[in-house]
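Asks: Before we start, here is the structure in question, set down as structure tokens.
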Amino acid sequence: MDWGNVTAEDLVDALREVDWSSPPRPLSEFFSRFTVPRSYAKWNSRLKCNLYYYRTNYFILIVLILGLGFLRRPVAILAAILTALSIAFLNDRPVIRGRPSAKRAIHICGRPRWVFVFVFSSVSFILWYVSCGLLTVLWALAIGLLATVLHASFRTPNLKARLNTFREEFRAVWRNYSEL
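All letters in the sequence shown, in the order written, are residues 1 to 180 by full-length UniProt numbering.
As structure tokens, then:
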């Protein structure tokens, strides 16, 4: 697969097809063999292989590090929940009991949607500012991503990981042929 020509839509489509329900790999396997890659091509191949094979472990690692960041600033948890609700209220697909709304105006508890979006966004902004939680969460996210990239770069892939990566690349090629 030529990663230089991959668009964001291709990436989103590929992520939707990935089986995210796979169990995490054992810690003994996750922390077993580390070596420095010998070339850029080897590093690139190793990174893709490990990111796919250990995706559940990396997800758990990032969630744990983010959780530690939230424990450091507990008010940031409330700010994150309010931010998520604000974004959820911005959903542009008005649906009432599975059917599109005739008025196209969404009301929440009898009030227009924008009132709740404004109130929740304002309160979440104040909570992010007061708790300094945004900086803490961004640092935790950066540390989690850095730990993931470092592990994926230095972990020597085993045969099982390489076969999994080969299978996924074969599926991608086969999918491109089936679209013709």
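The beta carbon of each residue, even a glycine, is placed where N, CA and C say it ideally should be.
#1: Output needed for W128: all residues of its chain with C-beta closer than 8 Å, excluding positions within five of it in sequence on either side, in chain order.
#2: Would you kindly report the start and end of the unbroken alpha helix (DSSP H) that includes R156?
#3: Could you tell me how far apart the beta carbons of I143 and I65 are, in whole angstroms, since I believe they sit closer than 8 Å?
#4: I'd like to check one pair, T136 with G69: are the Cβ atoms closer than 7 Å?
#5: With DSSP as the reference, label R38 as helix, strand or coil.
#6: So F34 and T156 are in contact, right, with Cβ under 8 Å, and what is the actual spacing, rounded?
#7: Looking at the structure shown, is R111 part of a helix, part of a strand, or coil, going by DSSP?
#8: Would you identify the three-state DSSP class for F118, choosing helix, strand or coil?
#9: From I87 to Y58, what distance separates their C-alpha atoms?
#10: Please report the residue range of the alpha helix (DSSP H) in which R55 lies.
#11: What is the rounded straight-line gap between the Cα of V95 and the Cα of D10?
#12: Quick check on C49: does DSSP put it in helix, strand or coil?
#13: First and last residue of the alpha helix (DSSP H) that includes S28?
#14: Given P37, which residues of its chain have a CB within under 6 Å of its CB, disregarding the five upstream and five downstream residues?
#15: Check whether the Cβ atoms of Y54 and R73 sit closer than 7 Å, and answer yes or no.
#16: What is the DSSP secondary structure of S22, reduced to helix, strand or coil?
#17: Roughly how many angstroms lie between the CA atoms of V63 and L145, to the nearest whole one?
#18: Looking at F120: is its Cβ nearer than 7 Å to the Cβ of L90?
#19: Identify which residue in I108, T148, N158 has its Cα closest to the Cα of I60.
Replies: This is what the structure holds:
#1: A76, A79, T83, L134
#2: The sequence as given places Thr at residue 156; Arg does not occur at that position. Note, T156: premise wrong, no alpha helix (DSSP H); not H, not E.
#3: 6 Å
#4: yes
#5: coil
#6: 7 Å
#7: strand
#8: helix
#9: 26 Å
#10: 55-72
#11: At V95 the pLDDT is 48, less than 50, meaning the model places this residue with poor confidence and gives no usable figure here.
#12: helix
#13: 27-30
#14: W43, R46
#15: no
#16: coil
#17: 10 Å
#18: no
#19: T148
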